[in-house]
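Worksheet for the structure shown next.
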Amino acid sequence: MTNPPTRRTVLGTGAVFLLAGCSKYGDSNSSSASAPTATTSPIAKPSAGKEKELAEKSDIPVGGGKVFKEEKVVVTQPKKGEFKAFSAICTHQGCTVNKVADGTIDCPCHGSKYRITDASVVHGPATRPLPAKKITVKGKSIFLA
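Going by the working numbering, the first residue of the sequence shown is number 440, and it counts up by one from there.
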């Protein structure tokens, strides 16, 4: 029969792992054979200023909107030709909003609703608006900046 670990054992073991993890990075002045180099560990750099096309303007209904789950953004068109974008993550408990209907952006988890014009709360339990996201409209397309 084994005894359960004591608090001291758990804390000591945690400290050992913490120190082991920190020692991986070492002193910035020391040279090490395990230090990452450009040839052994390439890092993908995001392309500066590259915008991602979300949709065509015609995909966003006037007085409504569309949720882009992968990008975690919702785009609305409150008035013809006026496009807005907001985070699709509900400010109540982090669920992803799932639809835009009747002038609101709706969260399926606890019923929070946000206005399509400014993402302010229409119906709680959320108390904070959805954060705005930056989009660009060029020609027939909407881009996430």
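For each residue, glycine too, the CB sits at the ideal point set by N, CA and C.
Per DSSP, which residues does residue i bridge with? Please list them.
i: ASP541; result: BP columns for ASP541 are empty, so no partner.
i: ALA527; result: ALA527 is not bridged to any residue.
With a Cβ-Cβ cutoff of 7 Å, do residue i and residue j count as a contact?
i: LYS572; j: ALA524; result: yes
i: PRO568; j: SER580; result: no
i: GLY503; j: VAL539; result: yes
Between the C-alpha atoms of residue i and residue j, what's the straight-line distance to the nearest angstrom?
i: SER470; j: LYS491; result: Per-residue confidence for SER470 stands at a pLDDT of 41, beneath the threshold of 50, marking its modelled position as unreliable; the derived number appears in the next sentence. Roughly 40 Å between the two C-alpha positions.
i: PRO500; j: ARG554; result: 15 Å
i: GLY578; j: VAL506; result: 21 Å
i: THR515; j: ASP557; result: 10 Å
i: PRO570; j: ALA527; result: 9 Å
i: CYS534; j: PRO564; result: 12 Å
i: PRO517; j: GLY542; result: 8 Å
i: PHE522; j: VAL576; result: 8 Å
i: GLN532; j: GLY520; result: 32 Å
i: GLU509; j: CYS546; result: 16 Å
i: VAL512; j: SER497; result: 17 Å
On the three-state DSSP scale, how would you describe residue i?
i: LYS591; result: Lying before the first or after the last residue shown, residue 591 is absent from the chain, which here runs from 440 to 584.
i: LYS463; result: The pLDDT assigned to LYS463 is 43, lower than 50, so where the model puts this residue is not dependable; a value taken from the coordinates is nonetheless given after this. Reduced to three states, the DSSP call for LYS463 is coil.
i: SER497; result: helix
i: ARG567; result: coil
i: GLU510; result: coil
i: LYS577; result: strand
i: PRO547; result: coil
Measuring CA to CA, which of the options is closest to residue i?
i: HIS562; options: THR575, ILE528, VAL576 and ILE544; result: ILE544
i: CYS529; options: VAL576, THR566 and LEU583; result: THR566
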